[in-house]
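Residue numbers (full-length UniProt numbering): 1 to 419.
Single-structure report; data block below.
What follows is the structure, encoded as structure tokens:
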């Protein structure tokens with residue numbers, strides 16, 4: 001084995017993989033059997049988080065950065081003048097096992113540029129996972145990227161060896177995809193998603209009857225969208241996310257701020273700031289939709305096409321719906337508690353349990369851990385203290401901002417650096 005060449009390939013293909021953020025390994029429960037290597041039960045060189053909150057490491061690489069497509073937003077597009085490399089299947093297997101034995105990683109995240117054809121590429125990705133499982137008896141976490149346009153037969157086989165599958169939708173809208181990747185078809189992204197969804201449903205049904213049913217993608221499937229490469233509004237992006245969650249049973253939708261890497265006039269110029277704050281607000285909206293019971297149409301609609309960059313989306317919604325507040329924290333249901341700015345999932349559960357024994361006042365709520373600098377304007381409790389609630393929404397917003405701290409504050413107020 002030429003170790004210098006392997007090291008060079010690793011540098012090239014690990015660097016090319018850094019633009020893919022959809023590498024969460026939570027949700028897999030593949031346990032170690034027959035004295036094999038690795039164990040992805042409870043877990044997922046990128047960092048990822050497990051179902052129980054632990055941080056683990058994954059070897060994150062491309063099989064190759066050769067590609068037959070010329071997507072304007074992609075660093076591995078065929079017209080880009082970059083160093084090219086490709087791993088052999090056995091090289092990836094050997095790297096994974098070597099890194100695992102040295103305790104560098106707990107799993108593999110494997111993607112690839114598309115070379116020759118989608119099916120040819122998918123076959124090689126599956127070969128890596130198959131060798132790890134069957135020949136190396138590797139029971140650690142494996143995340144394979146689904147190649148758009150791959151056949152149903154290959155998607156079926158991929159899920160038998162991978163813990164999670166994901167096909168990146170890349171651009172949120174059909175029009176944006178047509179503009180930046182005219183050679184790709186929207187249907188090619190949907191087909192693997194549909195196959196994986198149906199196979200997971202079938203596996204869950206069969207496993208109830210036959211315990212020995214082979215696992216199929218136990219950590220489900222995910223996707224990723226690039227934010228800021230085209231002119232999609234936040235509403236367009238989040239409506240697409242809601243569609244994927246509802247119709248394809250996605251475990252996660254990831255949002256990746258576009259990093260300018262091209263002089264193509266269709267894209268933001270090199271040097272343009274990566275939209276990190278926007279990415280953060282999209283994740284917050286995603287969380288409200290998935291865990292807080294919000295309908296996406298409440299947060300984004302024809303009147304509100306973009307998220308407020310100064311405040312989080314829940315506070316923005318509350319300021320637009322002042323007629324629903326204040327709410328009595330000692331009386332309202334848990335679902336209403338979750339709509340109060342400053343009260344999260346854990347705090348809502350604690351409030352529901354604590355008020356069984358007595359009425360709660362501000363001191364109790366502070367001990368529970370709610371963010372009183374926001375919540376106090378939207379709730380009442382067992383206290384005579386009154387907060388200012390006759391302010392306009394804009395004045396209330398500014399008042400809350402004065403008492404809030406954010407790592408993005410310098411992005412919001414660049415002029416502060418002048419004083």
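The beta-carbon is built from N, C-alpha and C at its ideal position, and this holds for glycine as well.
Taking 9 Å as the cut-off, the Cβ atoms of residue 235 and residue 280 do not count as close.
Under the criterion of beta carbons closer than 8 Å, residue 330 and residue 359 qualify as touching, at roughly 5 Å. The Cβ atoms of residue 230 and residue 277 lie no closer than 9 Å to each other. The alpha carbon of residue 327 has as its nearest neighbour, out of 290, 344, 376, 293, the alpha carbon of 376. If you check the CB distance, residue 111 and residue 62 come in under 9 Å. Following the DSSP letters along the chain, one finds residue 374 inside the alpha helix (DSSP H) bounded by residues 372–375. Rounded to whole angstroms, residue 103 and residue 220 show a C-alpha spacing of 26 Å.
Sorting 338, 175, 296, 116 by C-alpha distance to the C-alpha of residue 243 places 296 at the top. Residue 337 has its alpha-carbon roughly 53 Å from the corresponding atom of residue 84. No Cβ-Cβ contact shorter than 9 Å links residue 80 with residue 13. Contact between residue 334 and residue 249 fails: their C-beta atoms lie close to 25 Å from each other, not under 8 Å. For a cut-off of 8 Å, the C-beta gap from residue 141 to residue 106 is around 6 Å, short enough to register as a contact.
Pairing residue 214 with residue 117, the inter-Cα distance amounts to about 28 Å.
Between the segment 123–138 and the segment 179–189 there are fewer than three C-beta pairs closer than 8 Å, too few to call the two in contact. Distance between residue 208 and residue 257, taken at the CA atoms: about 41 Å. 170 is the residue among 274, 233, 203, 170 whose C-alpha sits nearest the C-alpha of residue 223. Taking C-alpha positions only, residue 356 is separated from residue 293 by approximately 23 Å. Distance from the Cα of residue 275 is smallest, within the candidate group 211, 255, 134, for 255.
For residue 126, the enclosing alpha helix (DSSP H) starts and ends at 118–130. For residue 72 against residue 181, the beta-carbon gap comes to about 7 Å, under 8 Å, which counts as contact. Runs of the alpha helix (DSSP H) lying entirely within the UniProt domain "Radical SAM core" (62–199) and spanning at least 4 residues, in chain order: 89–101, 118–130, 152–161, 174–180.
For residue 266, no alpha helix (DSSP H) segment is defined, and its DSSP state is neither H nor E. Of all alpha-carbon atoms in 341, 352, 382, the one lying nearest the alpha-carbon of residue 396 is that of 341. Residues 281, 284, 285, 288, 299, 307 of the same chain have their beta carbon placed closer than 8 Å to that of residue 313, with the five preceding and five following residues left out of the count.
The beta-carbon distance between residue 92 and residue 19, rounded to whole angstroms, is 19 Å. This is too long to meet the 8 Å contact definition.
Counting along the chain, the unbroken alpha helix (DSSP H) around residue 238 starts and ends at 234–248.
As computed with DSSP, residue 255 is found in a beta bridge with 225. Around residue 159, the same chain offers 165, 196, 199, 216, 217 as residues with beta carbons nearer than 7 Å, after the five sequence neighbours per side are excluded. In its chain, beyond the 5 residues on either side, 373 have a beta carbon closer than 6 Å to the beta carbon of residue 403. Judged by their CB atoms, residue 311 and residue 343 are not nearer to each other than the 9 Å cut-off.
One Cα belongs to residue 346, the other to residue 143, and the distance between them is close to 30 Å.
Residue 59 has 108 as its beta-bridge partners, per DSSP. Residue 380 sits in a strand when the DSSP states are folded into three classes. Per the DSSP secondary-structure output, residue 328 pairs in a beta bridge with 380. Inter-residue distance for residue 202 and residue 147 is about 22 Å (C-alpha atoms, whole angstroms). Rounded to the nearest whole angstrom, the CA to CA distance from residue 108 to residue 352 is 41 Å.
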